[in-house]
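One gets this note's numbering by counting positions in the sequence shown from 1 and adding 70 to each.
By construction, the Cβ of each residue, glycine as well, lies at the ideal position given by its N, Cα and C atoms.
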Amino acid sequence: MDRDPRRQAEDGYEALFIAFGRKVERWLLIAIAILLLALVVSQLLLQIPQLRYRIVKVEQMEGSRYDASLAKTTAN
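Structure follows, in structure tokens:
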């Protein structure tokens with residue numbers, strides 16, 4: 071028996087969609103792996119005190135006196 075032409079078109083579309091989905095899935099996994107690696111590397115770099123001092127603003131302010139005149143206040 072011949073298959074319905076509409077069903078054949080749907081099968082072709084499904085095959086294309088599955089192929090596209092696999093490619094997208096692969097790129098997403100690569101992107102996740104790269105971002106995870108970047109996270110680990112950045113956290114390891116923050117373990118170096120000299121580098122952490124240059125990167126993290128709070129580290130530079132640590133031990134500095136708090137100036138209340140610089141704080142923003144809101145009127146209630």
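Hey, would you say residue i sits closer than 8 Å to residue j, going by beta carbons?
i: L121; j: L114; result: no
i: Q130; j: Y136; result: no
Run through DSSP, which three-state label would residue i get?
i: I88; result: helix
i: E132; result: coil
i: L116; result: coil
i: A108; result: helix
i: D137; result: coil
For the alpha helix (DSSP H) that contains residue i, what are its first and last residues?
i: Q120; result: 119-125
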